[in-house]
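What follows is one structure encoded as structure tokens, with my remarks underneath.
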Amino acid sequence: MTTIDDQFAPFAARMEKEGLPQLAIDTFKYYYERLVEGQTGLISEAEIEPVPSLPDADSFAADFAAMGEDALPRTVLLKLNGGLGTSMGLSKAKSLLTVKDGLTFLDIIAKQALHSGIPLLLMNSFNTQEDSLAALKKYPELWGDLPLDFVQHKAPKVVRADFSPADYAENPHLEWAPPGHGDIYTALITSGMLDKLIDAGYEYAFVSNSDNLGAVMDTSILGYFVEQD
63 MTTIDDQFAP
73 FAARMEKEGL
83 PQLAIDTFKY
93 YYERLVEGQT
103 GLISEAEIEP
113 VPSLPDADSF
123 AADFAAMGED
133 ALPRTVLLKL
143 NGGLGTSMGL
153 SKAKSLLTVK
163 DGLTFLDIIA
173 KQALHSGIPL
183 LLMNSFNTQE
193 DSLAALKKYP
203 ELWGDLPLDF
213 VQHKAPKVVR
223 ADFSPADYAE
233 NPHLEWAPPG
243 HGDIYTALIT
253 SGMLDKLIDA
263 GYEYAFVSNS
273 DNLGAVMDTS
283 ILGYFVEQD
């Protein structure tokens, strides 16, 4: 009888060959097992419960804003930059799409970071790292003591019919996919970036998608986190 370990062995071998860390392999195996068991990952409406209460940022005391200002030197701006713009005709990072006045998402992000004085950190994917870092070379002020990015892992694609690894002999690159934004926690650890941030004195990160230009740092909310710490 084939066990789940037997079924997963080809995936583990493929990931090990690519040099992926054990934590990434174990994380993928966890979700692979859920997939084979028939779980979809979907949460039905009947299972959803309303949050009983949330703090109202509009009513935060002025002290929170001051606390947030004090915490800015211990804060980084972390942008999730692993997605491609293929649906919009771009074979590069989505953040390299031109959006206004000849500027790309990444240009605007860089300017926002420089204006705020908060270090910029990208979580790239194997699809986006090279092009994104090349585009940021025009902003030498961003390149400081911290690395400008770390790379999320990649996950082997799974054949729906039999849960085997997908094979594309003519283009092995297509056998892999980015694992999604949730990989931020695993990738921060395995890349060594978490240790680098802690060693450099950073305690907080503002996290948002690279195509969400409306997401900006609110010092009152940062101060609330400081107060709750």
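First residue of the sequence shown? That's 63 in this note's numbering, and the numbers climb one at a time after it.
Every residue, glycine too, gets a C-beta built ideally from N, C-alpha and C.
Note that the structure is predicted; figures quoted are calculated from it, not measured.
*So who's on the other strand from W238, going by DSSP bridges?*
In the sequence shown, counting from the first residue as 1, residue 238 sits at position 176. BP columns for W238 point to P218.
*Which residue's Cα is closest to the Cα of F188: T89, L284 and P218?*
Here residue 188 is taken as the residue at index 126 of the sequence shown, counted from 1. Of the candidates T89, L284 and P218, P218 places its Cα closest to the Cα of F188.
*Whole beta strand (DSSP E) runs in the stretch 154–229 with 3 or more residues, listed along the chain?*
Every beta strand (DSSP E) stretch that sits fully inside the stretch 154–229 and reaches 3 residues is listed by chain position as 160–162, 182–186 and 211–213.
*asked:* Between G242, F126 and K156, which has its C-alpha nearest A86's C-alpha?
replied: As a first step, residue 86 must be located in the sequence shown, where it is residue number 24. Among G242, F126 and K156, the Cα nearest to that of A86 belongs to G242.
*For G206, collect the residues of the same chain with a Cβ closer than 7 Å to its Cβ; drop the 5 residues on either side in sequence, then sort them by chain order.*
As a working note, residue 206 is residue 144 in the sequence shown. Within the same chain, G206 has close Cβ partners P181.
*Any idea what DSSP makes of L97, helix, strand or coil?*
For the purposes of this step, residue 97 is taken as residue 35 along the sequence shown, with counting starting at 1. Three-state result, L97: helix.
*Compare the beta carbon distance of D280 and A119 with 8 Å and say whether it is the shorter of the two.*
Numbered from 1 along the sequence shown, position 218 holds the residue referred to as residue 280. Numbered from 1 along the sequence shown, position 57 holds the residue referred to as residue 119. Closer than 8 Å, so yes.
*If you draw a straight line from the C-alpha of L259 to the C-alpha of T64, how long is it?*
Within the sequence shown, residue 259 is the residue found at index 197, counting from 1. Within the sequence shown, residue 64 is the residue found at index 2, counting from 1. In this structure, the straight-line span from the alpha carbon of L259 to that of T64 is close to 44 Å.
*Residue closest to M255, alpha-carbon to alpha-carbon, out of F212, K199 and W238*: Along the sequence shown, read from residue 1 onward, the residue named residue 255 stands at position 193. Out of F212, K199 and W238, the CA that lies nearest to the CA of M255 is found in F212.
*asked:* Taking the alpha-carbon of I66 as reference, which of V278, L82, E99 and E78 has the nearest alpha-carbon?
replied: On the sequence shown, position 4 is the one that residue 66 refers to. That would be E99, whose Cα lies nearest to the Cα of I66.
_Assumed close pair Q185, L140 - CB separation to whole angstroms, cut-off 8 Å_ = Counting from 1 along the sequence shown, the entry for residue 185 is found at position 123. Counting from 1 along the sequence shown, the entry for residue 140 is found at position 78. Inspection of the sequence shows that residue 185 is occupied by Met rather than by Gln. A Cβ-Cβ distance of about 7 Å is found for the pair M185 and L140, placing them in contact under the 8 Å criterion.
*How many angstroms separate the CA atom of G145 from the CA atom of G81?*
What you label residue 145 is simply residue 83 of the sequence shown in a count that begins at 1. What you label residue 81 is simply residue 19 of the sequence shown in a count that begins at 1. Their Cα atoms are separated by approximately 22 Å.
*Going by alpha carbons, who is nearest to Q214 out of E95, T252 and V278?*
Start at 1 with the first residue of the sequence shown, and residue 214 comes out as number 152. Measuring from the Cα of Q214, the nearest candidate turns out to be T252.
*asked:* Quick check on DSSP: helix, strand or coil for A123?
replied: For the purposes of this step, residue 123 is taken as the residue at position 61 of the sequence shown. Here A123 sits in coil by DSSP.
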